[in-house]
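Contents: one structure, followed by commentary.
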Amino acid sequence: MTRRLLLSYLSLTMLVLLGLEVPLGYFYARGEISRFTGDGRHSAELLAQALEVRVEQRAASDIPELVADFADGNGSHVLVVDDTGRVLADSDRATPRGTDLSARADISAALRERSLTTTREDRAVQGDAFTVTVPGSSGTTVHCVVRVSYPVAPVTSRIHRIWTTLALIGLGVLVTVAAIAFALAHWVTGPVRALERATAELAEGSLKDPPTTSQGPPELRRLAATFSHTATRLQHLLQAQRAFASEASHQLKTPLTALRLRLENFEPYLDPRAHESLDEAVGEVERLGRMVHGLLALARLENSATAPEATDLDAVVADRAATWTAFAAEQYVDIVVTGEPAGHVRAVPGALEQVIDNLLSNALRVAPPGTTLTLATAHTGDRRATSVELHVIDQGPGMTEAERERAFDRFWRAADSYHEGTGLGLPIVRQLTRAGGGDVVLLPAPGGGLDAVVRLRPARERPPRTPPRRPRATVREERVTVS
Numbered sequence: 001m002t003r004r005l006l007l008s009y010l011s012l013t014m015l016v017l018l019g020l021e022v023p024l025g026y027f028y029a030r031g032e033i034s035r036f037t038g039d040g041r042h043s044a045e046l047l048a049q050a051l052e053v054r055v056e057q058r059a060a061s062d063i064p065e066l067v068a069d070f071a072d073g074n075g076s077h078v079l080v081v082d083d084t085g086r087v088l089a090d091s092d093r094a095t096p097r098g099t100d101l102s103a104r105a106d107i108s109a110a111l112r113e114r115s116l117t118t119t120r121e122d123r124a125v126q127g128d129a130f131t132v133t134v135p136g137s138s139g140t141t142v143h144c145v146v147r148v149s150y151p152v153a154p155v156t157s158r159i160h161r162i163w164t165t166l167a168l169i170g171l172g173v174l175v176t177v178a179a180i181a182f183a184l185a186h187w188v189t190g191p192v193r194a195l196e197r198a199t200a201e202l203a204e205g206s207l208k209d210p211p212t213t214s215q216g217p218p219e220l221r222r223l224a225a226t227f228s229h230t231a232t233r234l235q236h237l238l239q240a241q242r243a244f245a246s247e248a249s250h251q252l253k254t255p256l257t258a259l260r261l262r263l264e265n266f267e268p269y270l271d272p273r274a275h276e277s278l279d280e281a282v283g284e285v286e287r288l289g290r291m292v293h294g295l296l297a298l299a300r301l302e303n304s305a306t307a308p309e310a311t312d313l314d315a316v317v318a319d320r321a322a323t324w325t326a327f328a329a330e331q332y333v334d335i336v337v338t339g340e341p342a343g344h345v346r347a348v349p350g351a352l353e354q355v356i357d358n359l360l361s362n363a364l365r366v367a368p369p370g371t372t373l374t375l376a377t378a379h380t381g382d383r384r385a386t387s388v389e390l391h392v393i394d395q396g397p398g399m400t401e402a403e404r405e406r407a408f409d410r411f412w413r414a415a416d417s418y419h420e421g422t423g424l425g426l427p428i429v430r431q432l433t434r435a436g437g438g439d440v441v442l443l444p445a446p447g448g449g450l451d452a453v454v455r456l457r458p459a460r461e462r463p464p465r466t467p468p469r470r471p472r473a474t475v476r477e478e479r480v481t482v483s
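Here it is, written out as structure tokens:
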């Protein structure tokens, strides 16, 4: 913003300078040229009158001296011819006396009492010259013709100097305006930068350094004060919401456990015909317990600010596949790991294990017996991969496009899903993935089923193509798996 303000100030100043200096320089140049040509013509006419008197009085011997004095005084080249066009005097002495120049256009016109001006190159003045050819006449009789060539270099030099002076003045004005504009823009945009920094800090979870309200224009100071008040209020509301979710979920765990035990204790005393209803009630209590567990997990995720670290995705995939193989075998489902080595990715510690566990749990719930669950890793982008993808593919019934769009909403479940689902598994997966800078989407799998694609940021360059080492299956504590 500072740069844009500075450019706007400089652009406006430049337009003003161009609007003032260009016409000024142009009119000055026109005035100099007009003055130069007018003075040259007037001087040539006066010289022609003086020489015409000398010629008429037959005092031609005085002409060379007058011509030399005039040429020295003006730095010009003077040539004088008589009424027949023969040279009487040449200040440069390049044309011999008596040379006939009556055929020259300007001399011929002057002999017919017509003055002529032109600009041409003249060796006597070493460059371009403004040439004035005038007749020295008395009445209608032309006694002589005078041609005076004035060098244009001095007037051109003066015009160049004035343009240079105007350019330097304009540059000085631009530098001064730039310094003033930079200070003004810095003063104006200072509160905006502080607001931007505070907004980014608030987006990270908490505002520890609120923007100052004592600098900048009054409007921005009021905006900073309003933002600080709003941010404080927002943080208070978020903290209250998180505290309520965490505390309420925690307080519900003990009563739910006690309720389940009491329901199970009823079984010996109930009529056998009520056992089915009792099992359904116990199932609902278990689902409510998993929901509470999921809410606790989401509350911990929202309150935590753990930085992502480099994690070996190949090792995690092999580990979780080995752990879930036994559960899948009970349902006659195979788990296959395929794809190119993924290497290290950026993820919150322990997040990848929970992501894979939740996705495999959901996939096993819908996978028919005799099908395969596929864990595939792939790179997207060029040689230095821009992202790493983990695919969890099942051969179940899949989802419609509308269902895939709503699948990450909290507590949402498909209409034909099993009753024990809580609708919190996929939201936890998305929360964990985004905490590491990635994302997750649901796509239809080729041939039917669902393809859950977890996109992660690579932590380093793509590793060489070597098969991943399958680690020993381990049991990890505090893992959240919610259906």
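For the sequence shown, UniProt numbering puts the final residue at 483, and the numbers step up evenly by one.
Glycine is no exception: its CB is placed at the ideal position from the N, C-alpha and C atoms.
In this text the structure is predicted, and so the values were computed from the model without any measurement.
*asked:* Restricting to runs no shorter than 4 residues, where is the alpha helix (DSSP H) found entirely within the UniProt domain "HAMP" (186 to 239)?
replied: none
*Leu171 versus Phe27 - alpha carbon distance*: 21 Å
_Tell me the rounded alpha-carbon separation between Ala281 and Arg413._
19 Å
*Consult DSSP for Leu390 and reduce its assignment to one of helix, strand or coil.*
strand
*asked:* Suppose you measure from the CA of Ala351 to the CA of Val192; what does that come to, to the nearest Å?
replied: 36 Å
*Taking the continuous beta strand (DSSP E) assigned at Arg147, which residues delimit it?*
141 to 151
*So, using beta-carbon positions, are Ala367 and Val337 closer together than 9 Å?*
no
*From Val55 to Gln126, what does the alpha carbon distance come to, in whole angstroms?*
30 Å
*Can you tell me whether Arg161 is buried or exposed, with buried defined as 16 or more other CB within 10 angstroms of its CB?*
exposed
*Which residues in the same chain as Arg406 place their Cβ atom closer than 8 Å to its Cβ, once the five residues preceding and following it in sequence are excluded?*
Trp412
*Residues bridged to Ser137 [DSSP beta-bridge criterion]*: Val142
*Once you ignore the five residues that flank His419 on each side, which residues in its own chain have a CB closer than 6 Å to its CB?*
With a pLDDT of 47 at His419, under the threshold of 50, the modelled position of this residue cannot be trusted, and the question is left open.
*Taking DSSP as the reference, what is the three-state secondary structure of Ala310?*
strand
*Hey, out of Ala89, Ile169, Asp92, Ala105, whose CA is closest to Glu21's CA?*
Ile169
*Report the partner residues of Ala407 according to the DSSP bridge assignment.*
Note: Ala407 sits in no beta bridge, so no partner.
*C-alpha gap between Glu403 and Val348, whole angstroms*: 28 Å
_Beta-carbon separation (whole angstroms), Gly85 vs Ile107, contact threshold 8 Å_ = 6 Å
*Would you say Leu17 and Leu184 are within 9 Å of each other, going by their C-beta atoms?*
no
*By how many angstroms is the C-alpha of Ser361 removed from the C-alpha of Leu278?*
26 Å
_Going by DSSP in three states, Thr371 sits in which element: helix, strand or coil?_
coil
_On the CB-based measure, 16 or more other CB atoms within 10 Å of its CB, does His344 come out buried or exposed?_
buried
*Quick one: what does DSSP say Ala103 is sitting in, helix, strand or coil?*
coil
*Which one of Arg262, Gln331, Phe327, Thr374 has the shortest CA to CA distance from Val317?*
Thr374
*Straight-line Cα distance separating Asp82 from Glu32*: 33 Å
*asked:* So that I know if they touch, is there some Cβ in chain B lying closer than 9 Å to that of Ala281?
replied: The displayed structure is made up of one protein chain only, and chain B is not part of it.
*What does DSSP give as the partner residues of Ala89 in its beta bridges?*
Val80
*Should Pro23 go down as buried or exposed, given a rule of 16 or more other Cβ atoms within 10 Å for buried?*
exposed
*asked:* So, at 8 Å on beta carbons, what are the nonlocal neighbours of Gly398 in its own chain, with the 5 sequence-adjacent residues on each side left out?
replied: Pro444, Ala445, Gly448, Gly449, Leu450
_Within 8 Å, do at least three Cβ pairs link the segment 109 to 123 to the segment 142 to 156?_
yes
*DSSP three-state call for Leu18: helix, strand or coil?*
helix
*Kindly give me the distance between the Cβ atoms of Gly25 and Leu166, rounded to whole angstroms, as I take these residues to be in contact under 8 Å.*
5 Å
*Check whether the Cβ atoms of Thr141 and Ala110 lie closer than 9 Å to each other.*
no
_Can you tell me whether Asp69 is helix, strand or coil according to DSSP?_
helix
*Give the range of the beta strand (DSSP E) segment to which Thr117 is assigned.*
116 to 122
_Chain-order list of residues whose beta-carbon lies under 6 Å from that of Ile356 (same chain, five-residue window excluded)_ = Arg320
*Below 9 Å between beta carbons: does that hold for Gln354 and Val292?*
no
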